[in-house]
Amino acid sequence: MKNYLLLFSFLLILLGCKNDIDTTIKEDKLNSVQNEFAIIIHGGAGTILKKNMSDEKEAAYKAKLEEAIKVGHTILKNGGTSAEAVMKTIQVMEESPLFNAGKGAVFTHEETNELDASFMDGKTLNAGAVAGVTNVKSPIELAIKVMTDSDHVMLSGKGASVFAKEKGLEIVDPSYFYTERRFKSLQRIKNRNKTELDHDDKKAAFYDADIKNAKFGTVGCVALDKNGNIAAGTSTGGMTNKRWGRIGDAPIIGSGTYANNLTCGVSSTGWGEYFIRSQVAYDISAQMEYQQKTLKEATKDVIQNKLTKLGGTGGVVALDKKGNMSFEFNTAGMYRASMDEKGNLVVKIYKE
Ligand code: ASP
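Each residue of the sequence shown is one higher than the one before, starting from 407 at the first, in this note's numbering.
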């Protein structure tokens, strides 16, 4: 009996030590600095398959992602702020017709372009967002202005344009956002919907037919600067054929964008309704804060487990306070790139 008691106590001590070791390993993982500064971007997720992509198109996407991320990386390397890096990087993608943000944004049912964007500062937890903007060249710049120059977090439609004008931001004719490719894709969807609406599946018809061929194309960026400040931003035209002033997750703080210096920064892309219902970006930060999960564990759980179970598709790019970076998506592909402090560049489109 005495021997059993001794053995039992010995086992208990061993178990205790193991837990200590586990905790230490986890803390080490969390505390080890990977990068003094870093930057990660996406240009949208969806059914992006190699077989549907020409070599030229693939090269064009990769070149633009590389150009954009290098703009932000240079800012960070020279000691600039993560806010500036995020804005300037996103602007390169907003100005490119390749992505569904700024020029090249998708069309609404009424054949207009209505743009959404948001930005969050991880140091102050301050944020700015705009929705349904039709004539402001850079929605991400406007989102940042809402944060810095107004008492509000989110402005929409005409009011947002008035604010932009007052603040001296560049106003463009709505035709600036037009691209033939996006216009044709709206026509294709509308024509297809006419037949599909005769059957009883209006919901599927509304959302870009069957999403299978939808390439969302939103853009986003998360950066960590040399002062340890994280910033995140997202900019989009939303979803093709959207109507009734529909607004997705991109301008919703906590869904499309989130940043907190204590945890991480996140930018999302995908089927916005699911990202709003799942509070994707904030959930990743919360899992790190409350459950001490690593960035990888948190992004994986939110995208591959929770979002997927709900039926949502898309992905995120995220970066933590130590400069660890994560791409996580449940679609066939996501236009994405990252760059660390040493200048190591990763540019990818498909799943590995
Ligand atoms: N999340 C965006 C939205 O639902 C679309 C996208 O990511 O491309 O508006």
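We treat Cβ as the ideally placed atom computed from N, Cα and C, and that holds for glycine.
Practice problem: Can you grab the Cα-Cα spacing for the pair glutamate 547 / isoleucine 496, in whole Å? | Solution: If I take the Cα positions, the gap works out to 9 Å.
Quiz item: Of all the options Leu561, Lys509 and Val542, which has the alpha carbon lying nearest to the alpha carbon of phenylalanine 589?
Solution: Lys509
Self-check item: Chain-order list of residues whose beta-carbon lies under 6 Å from that of threonine 585 (same chain, five-residue window excluded)
Solution: Pro503 and Gly510
Exercise. Would you mind working out which of Asn458, Ser544 and Ala474 sits nearest valine 753, comparing C-alpha positions?
Key: Out of Asn458, Ser544 and Ala474, Ala474 has the C-alpha closest to the C-alpha of valine 753.
Practice problem: Would you kindly work out how many angstroms separate the C-alpha atoms of isoleucine 659 and glycine 563, rounded to a whole number? | Solution: 18 Å
Practice problem: Report the rounded CA-to-CA distance for isoleucine 481 versus valine 492, giving the unit in angstroms. | Solution: 10 Å
Practice problem: Say yes only if the C-beta of tryptophan 650 is nearer than 7 Å to one or more non-hydrogen atoms of the ligand ASP, and no if none qualify. | Solution: no
Quiz prompt | Residue burial classification, alanine 465 (beta-carbon count within 10 angstroms, cutoff 16) | solution = Alanine 465 is exposed by the Cβ-count criterion.
Quiz item: Residues in its own chain within less than 8 Å of glutamine 710 by CB, not counting five upstream and five downstream?
Solution: Glu734 and Asn736
Quiz prompt | leucine 751 (DSSP reduced to helix, strand or coil) | solution = strand
Quiz item: Leaving out five residues before and five after asparagine 425 in sequence, what residues of the same chain have Cβ atoms less than 8 Å from its Cβ?
Solution: Any reading at asparagine 425 must be qualified, since the residue scores a pLDDT of 49, below 50, and its modelled position is unreliable; no value is offered.
Exercise. Throw me the rounded Cβ distance for the valine 552 and alanine 535 pair, which I believe falls under 8 Å.
Key: 7 Å
Quiz prompt | Beta-bridge partners of histidine 448, as assigned by DSSP | solution = Gly626 and Arg742
Exercise. Answer yes or no: the CB of glutamate 506 versus the heavy atoms of the ligand ASP, is any distance below 7 Å?
Key: According to the sequence provided, residue 506 is asparagine. The question's glutamate does not apply to it. Under cutoff, so the answer is yes.
Quiz prompt | Closest Cα partner of valine 628 within the set Leu725, Lys457 and Asn750 | solution = Taking the Cα of valine 628 as reference, the smallest distance to any Cα among Leu725, Lys457 and Asn750 is reached at Leu725.
Practice problem: Please report the Cβ distance between asparagine 666 and serine 488, rounded to the nearest whole angstrom; I am assuming they are in contact, meaning their Cβ atoms lie under 8 Å. | Solution: The Cβ separation is near 12 Å, so there is no contact.
Exercise. On the DSSP bridge assignment, give the partners of alanine 638 in chain order.
Key: Met526 and Val628
Quiz item: Any chance the segment 556–576 sits against the segment 537–544, with 3 or more Cβ pairs inside 8 Å?
Solution: yes
Exercise. Measure how close the beta-carbons of alanine 637 and glycine 528 come, nearest whole angstrom, since I'm counting them as under 8 Å.
Key: Confirmed, Cβ separation roughly 6 Å.
Quiz item: From glycine 678 to asparagine 633, what distance separates their C-alpha atoms?
Solution: 32 Å
Quiz item: Would the beta-carbon of glycine 639 fall within 8 Å of that of alanine 704?
Solution: no
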